[in-house]
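In the UniProt record's numbering, the protein residues as written are 1 to 419. First up is the structure itself, then whatever we jot down about it.
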């Protein structure tokens, strides 16, 4: 099982994924150079706006070249670490027949962190403020020019474009979290097929079949509307079909590890399928039947049927939905990884999925006071002006239940996400 392999090569001593910076990538690249110079080759393919090296790492001696790139959006870090865990697998098990088959059949190229300046700031755009993934035609970013030049030089037969997606993304109709979404991007407005795009669809099908047992119902298909400015679409137009892997929401606190594991399984499965022929033999129906993503269809937490005070009027019964996702904040001058959230929806939320649902019957939702109580405490209901709950408000709330003593309420639960 590929998951068993990941358990033996996964990185244990890691900062949370949002805090993986260029310095960490540099250290991992140095390790490859020092410990496995017979397996890995490394070059500096270019530099970011602020002068950080854009590393091109490759292994294998096979005739079929593939190119993987990660973190062209600086706040989308999952696949960067997963790529280095893939490298660790290749380094550690280089003599195993399974790895030897990869080394003999493929030459695998990777740019593990295409936007290190954005990663430093945990922001989507680069230091110029440009979305690199919308710079395929203008090529105003040095990072975009580097990726274009590398593709033109290597002429890879397949590319892998590795991203994270909005944590509000659900799988159509099921409303489950879209933990992984796949796409073989279109290369023209007509969204037609050619042999390259058919191969990309089949690779997506192989990945879908490998991941479905681990995350049943949590695999979506990204929209294939042609984006004239985007790299994935244009790289296909330039002659290299691509597979888009978007990593999405996860319901438990161990989301960093769980999502890295899914990426590792997806990448190893895809590379092996290109070597052993399973990609070409895959059933296109397995790709076509992937349900579409539903944008903004998921919430981190929904409190169902609670009493809520709006900005005017008396309390009313409503569902309250919190949207939250990993973020980076400054605390005492240092960057820390947090789960940041706000109230995103209020009213009848039956059409939304949720990572967690709380039965709010008999409960009243109010904002946390400046000095919040503990769960189990008994408190008076705050004055009406301090009870208002509205969309866009920080997700710092308490759920109260009327206590036997008149005018007092028991704190049933505290809900606290970072601002």
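Backbone N, C-alpha and C define an ideal beta-carbon position, used for all residues, glycine too.
> In terms of alpha-carbon separation, which member of 324, 288, 284, 206 lies closest to residue 275?
Replying inline: 206
>> Taking DSSP's pairing of strands, which residues face residue 160 in a bridge?
In response: 68, 243
>> Would you say the beta carbon of residue 354 is closer than 6 Å to some non-hydrogen atom of the ligand HEM?
In response: Judged by which ligands are present, the structure shown has none, so any question about the ligand HEM falls away.
> What's the C-alpha gap between residue 306 and residue 360?
Replying inline: 4 Å
>> Can you give me the C-alpha to C-alpha distance between residue 149 and residue 337, rounded to a whole angstrom?
In response: 34 Å
>> Do residue 123 and residue 75 count as a contact pair if the criterion is CB distance below 7 Å?
In response: yes
> Should residue 117 and residue 70 be called a contact, given that it needs their Cβ atoms to be closer than 7 Å?
Replying inline: no
> In terms of alpha-carbon separation, which member of 348, 409, 372, 386 lies closest to residue 378?
Replying inline: 409
>> I need the straight-line Cα distance from residue 43 to residue 175, nearest angstrom please.
In response: 43 Å
>> For the beta strand (DSSP E) containing residue 359, name the first residue and the last one.
In response: 353 to 359
> Is there contact between the stretch 191 to 203 and the stretch 89 to 100, where contact requires at least three CB pairs shorter than 8 Å?
Replying inline: no
> Between the C-alpha atoms of residue 415 and residue 299, what's the straight-line distance to the nearest angstrom?
Replying inline: 14 Å
> Which one of 318, 203, 296 has the shortest CA to CA distance from residue 284?
Replying inline: 203
> Would you report the Cα separation of residue 228 and residue 79, rounded to the nearest angstrom?
Replying inline: 25 Å
>> Can you give me the C-alpha to C-alpha distance between residue 214 and residue 1, rounded to a whole angstrom?
In response: 12 Å
> What is the rounded straight-line gap between the Cα of residue 257 and the Cα of residue 246?
Replying inline: 16 Å
> Roughly how far, in whole angstroms, is the beta-carbon of residue 184 from the beta-carbon of residue 241, given that I think they are within contact range, below 8 Å?
Replying inline: 7 Å
> By DSSP, does residue 261 sit in helix, in strand, or in coil?
Replying inline: helix
> Helix, strand or coil for residue 165 per DSSP?
Replying inline: coil
> Can you tell me the Cα-Cα spacing of residue 160 and residue 28, whole angstroms?
Replying inline: 21 Å
>> On a Cα-Cα basis, can you pick out the residue from 158, 302, 120, 10 that is closest to residue 327?
In response: 120
> What are the boundary residues of the beta strand (DSSP E) that residue 103 is part of?
Replying inline: It is not in any beta strand (DSSP E) - residue 103 instead sits in the alpha helix (DSSP H) that spans 97 to 105.
> Taking the alpha carbon of residue 236 as the point to measure from, which residue in 136, 110, 130 has its own alpha carbon closest?
Replying inline: 136
> Looking only at its own chain, which residues have a Cβ that is under 7 Å from the Cβ of residue 407, when we skip the five neighbours before and after it?
Replying inline: 380
> Buried or exposed: which applies to residue 201, given that a residue is buried once 16 or more other Cβ atoms fall within 10 Å of its Cβ?
Replying inline: buried
> Would the beta-carbon of residue 401 fall within 7 Å of that of residue 363?
Replying inline: yes
> What are the start and end residues of the beta strand (DSSP E) that includes residue 416?
Replying inline: 408 to 416
>> Buried or exposed, going by whether 16 or more other CB atoms sit within 10 Å of the CB of residue 113?
In response: buried
>> Checking the sheet assignment: what are the DSSP bridge partners for residue 53?
In response: 47
>> Just to confirm, is the Cβ distance from residue 365 to residue 391 under 7 Å?
In response: no
> Can you list, in chain order, the residues of its chain whose CB lies under 6 Å from that of residue 344, leaving out five sequence neighbours each side?
Replying inline: 321, 323
> For residue 295, which residues of its own chain have a beta-carbon under 8 Å away from its beta-carbon, when the five flanking residues on both sides are left out?
Replying inline: 166, 168, 169
>> Once DSSP output is grouped into helix, strand and coil, what is the label at residue 177?
In response: strand
> Which residue's Cα is closest to the Cα of residue 156: 140, 108, 142, 131?
Replying inline: 108
> Is it true that the CB of residue 110 sits closer than 7 Å to the CB of residue 263?
Replying inline: no
> Is DSSP giving residue 122 helix, strand or coil here?
Replying inline: coil
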